[in-house]
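Trainee: Encoded as structure tokens, here's the structure I'll be asking about.
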Amino acid sequence: MITKMIQISDVLEYRKQVFLPNTPLYSKGDFLLDVQGHGMEPDYPGGSTVIVSQHEKVNIKDTGIFLLNEKLMIKELGENELVCKNNNFENIPLNESDTVICLGKVIGICNKDDIIF
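The sequence shown finishes on residue 582 if you use our numbering, and the numbering steps up by one all the way, no holes.
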């Protein structure tokens with residue numbers, strides 16, 4: 466249940482158009498997002514750029530981009546929590562009072578050499 470509507474454009478403040486090769490993976494993506502932090506290592510290291518699809522459903526055990534109480538994060542969807550892949554970080558329990566919006570499913574990592582500004 467969404468208790469507060471948040472505009473995606475307010476969250477993704479840094480928007481820049483880039484060009485990528487015409488490959489099947491890149492053509493499925495809707496936006497790129499730089500990963501900050503180490504909570505999803507080794508799958509998605511800090512500093513990597515992930516490819517996100519807004520058209521693919523995020524199921525349990527899928528990695529997605531979530532807006533949790535106005536904080537943007539990359540996490541794996543669990544039953545009642547957002548899961549960190551790195552065992553040095555604790556999973557984030559989801560409560561009924563939380564506002565959770567899934568912005569898309571992470572479908573891969575972008576090769577930074579492929580990005581043309």
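Glycine is no exception: its CB is placed at the ideal position from the N, C-alpha and C atoms.
Return the residue from the list Gly502, Asn487 and Val517 that minimises the CA-CA distance to Phe554.
Mentor: The candidate whose alpha carbon is nearest that of Phe554 is Gly502.
Trainee: Under a three-way DSSP split, which group does Leu490 fall into?
Mentor: In this structure, Leu490 counts as helix in the three-state DSSP scheme.
Trainee: What are the boundary residues of the beta strand (DSSP E) that includes Gly511?
Mentor: First-last for Gly511: undefined, no H or E at that position.
Trainee: Under 8 Å, do Leu498 and Tyr491 count as touching if we go by C-beta distance?
Mentor: Cβ atoms of Leu498 and Tyr491: not closer than 8 Å.
Trainee: Let me check understanding here. Comparing Cα to Cα, which of Lys570, Leu533, Lys526 and Ile530 lies closest to Gly543?
Mentor: It is Lys526.
Trainee: In its own chain, which residues sit with a C-beta less than 6 Å from the C-beta of Lys570, not counting the 5 before and 5 after it?
Mentor: Correct list, in chain order: Ser518, Glu521, Val523, Asp527 and Gly529.
Trainee: With distances taken Cα to Cα, identify the nearest neighbour of Ile495 among Phe582, Ile572, Asp578 and Lys577.
Mentor: As written in the sequence, residue 495 is Asp, which differs from the Ile given in the question. When each option's Cα is compared against that of Asp495, the closest is Ile572.
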